[in-house]
Every structure is written in structure tokens, then in C-alpha cells.
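Structure first, commentary second.
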Amino acid sequence: MSEPVQLDSLIKQRVQEAVSTAQNDIVHHMDRIIKSSFDAFQKSTNENQRQLSETQLAKIEEMNSDNYVFKRKGNEEQFKVNSKVANKMKEARCFLKEDPEQTEQTQMAAQSISEGLDILRHRQKLVKLADQSESGWKTVTEYETHSLADDSEDEKRIIRAENKAARKIKNEKQSKQHRSTPYSTSQSSRFNSNAPRNNVPVQRPGKCYECGIPGHWRVDHQTGAFGATMQRNKIDKISKNVNSFDKTVENFDSFDKSTIEKDTHSQFVKLKHTCKSTVTKVNSNDSPVNRLRNAYTYWQSINANDYILSIIRDGYKIPFYTEPESCSLRNNKTAFDNAEFVESEITKLISRGCISQVPELPKVVNPLTVARNKEKFRLVLDCRHINPHLHKFRFKYEDAVEASHMFEKGDYLFTYDLRSAYHHIEIFEDHKTYLGFSWFHEHEKVTKYYVFNVLPFGISTAGYIFTKVVRCIVKYLRDQGLQIIMYLDDGIGGASEISKANFCSLTVRYALRSAGFLIAVRKV
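In UniProt numbering, the protein residues as written are 1 to 524.
Set out below in C-alpha cells:
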């Protein structure tokens with residue numbers, strides 16, 4: 001009887017094992033099916049999301065382009081056609097990416113489409129540039145001529161291209177037609193060196209850039225019609241040779257190190273190494289007025305040219321090529337909105353001698369405005385009335401590009417800047433009446449009139465003339481081998497060794513103070 005029982009038990013065991021194996025196979029098979037389906041679903045979802053994202057981006061780009069209002073119909077039509085072509089190319093790229101067989105030819109086709117889209121984007125940018133510029137496609141031609149520039153320089157390239165194209169158009173117009181002038185031909189030849197001249201003074205418009213007196217021009221000084229011949233030496237070209245710096249400090253080891261520790265004012269930086277030191281603070285009440293004039297002998301000693309010496313001695317003669325009409329303009333809204341600040345600035349400027357109250361109405365009463373940079377306010381003289389009457393001189397600022405050529409990685413650098421920079425330049429006495437303004441003092445219930453005694457913020461030639469004056473100092477220091485650069489009132493200098501950088505810092509500060517400039521104290 002035991003054998004049938006054992007056989008039955010064995011059969012049950014075999015059946016259970018077979019059922020268990022079958023169940024496991026079914027589970028594994030279902031798991032593979034579910035996983036495969038999920039992977040396919042996830043891939044499809046990701047692809048749909050990607051296509052939707054690209055479609056949305058294309059729509060957004062199209063909407064952004066539609067917001068721009070074109071000035072010229074031809075540019076608008078070209079831009080629309082390019083947009084349609086770009087959208088079709090994006091669709092083609094999506095279809096290629098959906099292809100399950102990503103062959104080498106498919107990938108190359110997608111890459112070529114992407115490169116074509118980049119070309120179209122650049123073309124769209126040029127179409128907008130041509131449409132925005134008054135010079136049209138001539139600006140694009142000048143822009144593309146110098147295409148080897150960094151993206152950070154792109155805005156500067158556009159500005160340069162617009163200016164160059166405008167000059168070419170102006171020259172073409174002048175060559176095609178005769179420009180009518182409000183005065184006789186004999187008087188309009190201020191730039192024509194071949195025009196016959198005599199010693200008889202002629203009545204000319206504007207004011208002389210040399211003496212500031214109306215009725216004649218600077219060329220009349222050169223011909224002797226108005227006194228002695230004007231001597232104008234052009235020795236303010238900045239030296240590019242800074243390799244002589246080692247000779248300048250070859251005896252630096254004998255220099256008093258304690259003087260450096262007590263007197264240096266700059267912050268030197270080399271990678272993670274920092275050397276900080278202190279400076280004796282300048283009294284904040286010190287006025288910049290008369291400081292350059294009091295240092296006149298120093299400017300002579302550094303061979304400043306005659307034009308700069310005349311500015312320091314007699315004041316800056318505003319270069320009027322036509323004389324503005326007398327007018328009295330109302331202050332701007334920002335001045336009234338910040339009346340308390342304007343009151344305090346007027347009081348401060350009077351105490352420093354930068355402005356003076358006048359009993360009579362100035363010839364030009366300019367509006368006051370308040371400019372705000374972050375949390376800092378600045379009182380600006382809105383010279384919109386006189387700026388169109390001023391001669392615009394062409395000049396070039398030194399910028400980060402010049403600094404990158406001058407300094408190398410690992411150099412020790414220091415920075416410095418001037419305080420009340422523009423206010424060091426005084427105005428020629430007869431021209432102050434063109435820099436007038438008015439202000440109603442609420443507590444006194446009276447309107448008072450003032451004139452600027454110094455170069456104000458707001459006059460269009462301020463940057464040029466200040467750079468022209470400071471460039472004499474920069475030239476003098478570079479001739480001694482010092483590596484420095486100044487952009488308006490900010491400067492940077494340095495050397496390959498910290499001891500030389502220290503010496504350079506001391507020399508720069510000594511030169512600026514000897515010239516009469518106030519140096520701002522940096523917070524460290």
C-alpha cells in the first residue's frame with residue numbers, strides 16, 4: 001500500500017513544479033512585455049515633448065519677430081520668407097531625429113540642417129540691423145568687413161559700422177552736390193589749407209577755439225591776423241614703449257620700504273594673493289577748483305602742450321562753431337522729484353566754488369536733471385540747447401582691449417580713481433554764462449540763478465577734454481616705463497613684481513597729486 005501513496009505524492013510534486021515553472025515563465029514574459037511597452041511609451045512621450053518644445057520655441061521666435069515693426073517693406077518681406085524657411089528646416093530636423101535607424105547619413109543631414117539654421121539666424125540679424133540703421137545695408141557691409149570679433153565686441157562693432165556707413169553716405173552726398181552755407185565761401189574754408197588768406201580779419205560765425213572770442217577762428221591766429229602766431233606742439237601722443245620700466249626701478253632695492261608701507265594706497269591682486277595697505281584720507285571738503293592752476297609749473301615740467309596749458313591757465317574755452325541763442329529752460333521733472341538732493345548739491349557746489357550765484361539772468365539757463373545709478377544720485381546740467389552748437393572732436397578711449405595687451409597673466413595690478421574729476425577743469429570766464437541754471441529755493445521763496453565755474457556733467461565735450469588733459473599725465477608716466485591705463489577718472493596699473501607694482505602705485509599717486517588732482521579713497 002505504501003508504493004501507490006509515494007507515487008501519488010511524487011506526481012503531485014512534479015505537477016506543482018511544472019505549474020510553478022510555468023507561472024514563473026508567464027511572469028517573466030509579462031514583465032518583458034510590460035517593460036518593452038513602457039520603454040516604447042516613454043520614448044514616444046519624450047519625442048512628443050521634444051517636438052512640442054521645438055514647435056513652441058519656433059512659435060515664440062515667430063511671435064517675437066512679429067513684434068518688431070519694420071521701417072522698410074523689402075526688409076520685412078525678406079525676414080518673413082527666411083522665417084518660413086527656418087520653420088520648415090526645423091520640422092525636417094525633427095523628422096530625421098524620429099527615424100529609428102540613425103545612420104551616418106541621417107546624422108550628417110541633421111547636422112547640415114542645424115548649420116543652415118545658424119546661417120538663417122545670422123541673416124535675420126543682418127536684416128534687422130539694415131532696417132534699424134539709417135544707412136541701411138551699407139552698415140551691414142561695414143559690419144561684415146570686420147567679422148573676426150568676440151561676441152562681447154558685437155555691440156561696439158555695430159556702432160562702428162553705423163558710424164562708418166553714415167560717414168561714407170555723407171561724403172558721397174557732399175561730392176555729388178554743393179553744400180549751401182549761411183556765410184560766404186571765403187569764410188567757410190576753415191579746413192581748406194589751400195584757400196588764399198590775407199591778414200585782414202573777417203567776421204566768422206561761432207567762437208575762436210583758441211581764445212574763446214567771437215568773430216574769428218583759430219586759423220586767424222596761425223596766419224597772424226590776430227596777433228602772434230599760435231604755436232601748437234603735438235607732443236601728447238602716448239608712448240607705447242613700457243619696456244624701460246626695469247631701468248626706472250633698477251635702484252628700487254635702495255628705496256625706503258617703510259615709505260611704501262606707510263604711503264601706498266592701492267590694492268594689489270595676483271590670483272589669490274592680495275596685499276592691502278592704507279592711505280591718508282583726503283579731506284572731503286577739499287575743493288577741486290584752482291588745483292590744476294596752482295600746479296601750473298608741474299604741468300610745464302612734464303611738457304604739457306600749449307593747448308592744455310591754456311586750459312589750466314585761462315580755463316576751458318567751449319568750442320562753439322555757432323553761437324546759441326539766449327534762452328531760459330525749465331528744470332526737468334527728476335530735479336523737482338529730488339528737490340532735497342538738488343538743494344544739498346547746490347549748497348555743496350557753492351561751498352567748493354564749483355558754481356556761483358549771479359545777479360543777472362545768464363545767457364543760457366539750462367535745465368537741471370538728476371541721474372540715478374543704482375543708489376547714487378548725480379546732478380546733471382542738461383545742455384541740450386548748447387550741445388548742437390559745439391564742435392565734436394573725434395578721439396578714442398583706452399579700454400579693456402588696451403589693458404589686455406599691456407598686462408599679462410600673473411601681473412600685480414592696482415586701481416585708482418579721481419574724485420570730482422570733471423570739476424578740476426575750470427571754464428573760461430566769458431563762457432560761464434552759457435552754463436547757467438536756475439532753482440527755486442522753497443524755504444526762501446525765491447528763484448536764484450547760478451553758473452558753473454567748472455566742467456559740468458551734461459556738456460557733450462566733457463569726456464573729450466577731460467581725457468585730453470589726463471592724457472598728458474599718462475604720457476609722462478608711460479615715457480618713464482610705467483604700465484598704466486586711464487578711462488576718464490578711473491585707472492589701472494601694475495607690474496610683473498609686487499615691489500615694482502608698489503613703486504608704480506606710489507609714482508602714479510605722486511604725479512596725480514602734483515598735477516593737482518584729488519584722489520578718491522577706496523574702501524577696503
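From the three backbone atoms N, C-alpha and C, an ideal C-beta is built for every residue, glycine too.
- Separation of residue 301 and residue 293 (C-alpha to C-alpha, rounded to the nearest whole angstrom) is 14 Å.
- Ranking 290, 374, 385 and 388 by CA distance to the CA of residue 428 puts 290 first.
- In this structure residue 373 is exposed. Its beta-carbon is surrounded by fewer than 16 other beta-carbon atoms within 10 angstroms.
- Within the same chain, Cβ atoms closer than 6 Å to the Cβ of residue 166 are found at 135, the five residues on either side in sequence being excluded.
- Counting the other Cβ atoms within 10 Å of the Cβ of residue 410 gives fewer than 16, which makes it exposed.
- Residue 160 and residue 71 have their C-alpha atoms roughly 21 Å apart.
- Of the candidates 366, 467 and 448, 467 places its Cα closest to the Cα of residue 311.
- In the structure shown, the three-state DSSP call for residue 426 is strand.
- Residue environment analysis places residue 435 among the buried positions, since at least 16 neighbouring C-beta atoms fall within 10 angstroms of its C-beta.
- With 16 or more other Cβ atoms inside 10 Å of its own Cβ, residue 416 counts as buried.
- Counting only the Cα atoms, residue 78 lies some 51 Å from residue 317.
- Beyond the five residues adjoining it in sequence on each side, residue 407 comes within less than 7 Å, by CB distance, of 413, 483 and 494 in the same chain, given in chain order.
- The residue from 92, 345 and 396 with its alpha-carbon nearest to that of residue 381 is 345.
- DSSP, reduced to helix, strand and coil, places residue 495 within a strand of the structure shown.
- In this structure, residue 423 places its C-beta atom within 8 Å of the C-beta atom of residue 354.
- One Cα belongs to residue 356, the other to residue 324, and the distance between them is close to 21 Å.
- Leaving aside the five residues that flank residue 286 on each side, the residues in its chain whose CB is nearer than 7 Å to its CB run, in chain order, 518.
- Here DSSP, grouped into helix, strand and coil, assigns residue 69 to coil.
- In the DSSP assignment, residue 485 forms a beta bridge with 492.
- Per DSSP, reduced to three states, the secondary structure at residue 474 is helical.
- The continuous stretches of alpha helix (DSSP H) do not include residue 374, and DSSP gives it neither H nor E.
- Of the candidates 118, 108, 98 and 124, the residue whose Cα lies closest to the Cα of residue 81 is 124.
- Per DSSP, reduced to three states, the secondary structure at residue 393 is coil, with no helix or strand assignment.
- Bounds of the alpha helix (DSSP H) holding residue 346 are 339–352.
- Residue 390 sits away from residue 365, with the two beta carbons spaced by 8 Å or more.
- The stretch 458–467 makes no contact with the stretch 333–345: fewer than 3 CB pairs, one atom from each, lie closer than 8 Å.
- Within a 10 Å sphere around the beta-carbon of residue 28 sit fewer than 16 other beta-carbons, which makes this residue exposed.
- Residue 444 counts as exposed, since fewer than 16 other C-beta atoms from the protein chains shown sit within 10 angstroms of its C-beta.
- Residue 499 and residue 488 have their C-alpha atoms spaced approximately 27 Å apart.
- Residue 506 and residue 419 have their C-alpha atoms some 18 Å from each other.
- Residue range 446–452 is occupied by the beta strand (DSSP E) that includes residue 450.
- Assignment of residue 378 by DSSP, reduced to helix, strand and coil, places it in the strand class.
- In this structure, residue 368 lies near residue 379, with their beta-carbon atoms less than 8 Å apart.
- The DSSP assignment places complete alpha helix (DSSP H) segments of no fewer than 4 residues inside the stretch 77–164 at 104–132 and 137–145, in order along the chain.
- Exclusion of the five residues before and after residue 126 leaves 140, 143 and 144 as the residues of its chain whose Cβ lies within less than 8 Å of its Cβ.
- Exposed is the label assigned to residue 119, since fewer than 16 other Cβ atoms lie within 10 Å of its Cβ.
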